[in-house]
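One structure is given below, encoded as structure tokens.
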Amino acid sequence: MIGYSTIGTNNMEKAAAFYDALFAELGGKRTWDSDGFKAWANTPTGAFAISKPFDEKDATVGNGSMMALAAPDRETVDKMYAKAIELGATCEGKPGPRGGDDSAFYAGYFRDLDGNKLNFFHLRRD
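Numbers given in my numbering equal positions in the sequence shown, counted from 1, plus 342.
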């Protein structure tokens, strides 16, 4: 249902380098690359993008907003969370089950270099 999602950045060069390195771990490649907008994808549908705000004001973090990025398994959640932290992201909740130890939902939360909150998650389907 979601075609693509966009978050703002105040430093396109640093943000692009962060997401190039992070999404390379999942086989993600840039599908759009202009001065004010860059997008990555690893499937034919859906993409993740960064942009400079259209109104030319500073990009700000949406309180309560978060981008959730699907992973094929818990090991990939762990790996991608660790990669984000290695690239300079800050922890917002280490990888683990949410909703109890036997929960089917497993996620690791972080903030990118601009303070946007994201997570990598896996939802086990029994």
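In this text, a Cβ means the ideal position worked out from N, Cα and C, and glycines have one as well.
Keep in mind the model is a prediction, meaning the values are calculated, not measured.
Run of the beta strand (DSSP E) containing residue i, from where it starts to where it stops
i: residue 363; result: Premise fails: residue 363 lies in the alpha helix (DSSP H), 354-366, not in any beta strand (DSSP E).
Sheet register partners of residue i (DSSP bridge)
i: residue 422; result: Paired residue(s): none; residue 422 is not in a bridge.
i: residue 347; result: 390
Which of helix, strand or coil DSSP assigns to residue i
i: residue 392; result: strand
i: residue 453; result: strand
i: residue 398; result: coil
i: residue 466; result: coil
Cutoff 6 Å; reference residue i; Cβ partners in own chain excluding five residues on either side
i: residue 439; result: 445, 448
CB contact check: residue i to chain D, cutoff 8 Å
i: residue 467; result: The structure shown contains no chain D; it is built from a single protein chain.
Close Cβ partners of residue i (< 8 Å) along its chain, the five nearest in sequence each way excluded
i: residue 373; result: 381, 382, 383, 389
Contacting residues, own chain, Cβ-Cβ under 7 Å from residue i (five flanking each side not counted)
i: residue 395; result: 350, 401
Give a yes or no on contact between the stretch 377-389 and the stretch 343-354, applying the rule of three or more CB pairs nearer than 8 Å.
-> When Cβ pairs closer than 8 Å are counted between the two stretches, the stretch 377-389 is seen to touch the stretch 343-354, the count reaching three or more.
Any contact of the stretch 424-432 with the stretch 401-413, i.e. 3+ C-beta pairs under 8 Å?
-> Contact fails: fewer than three Cβ-Cβ distances are below 8 Å.
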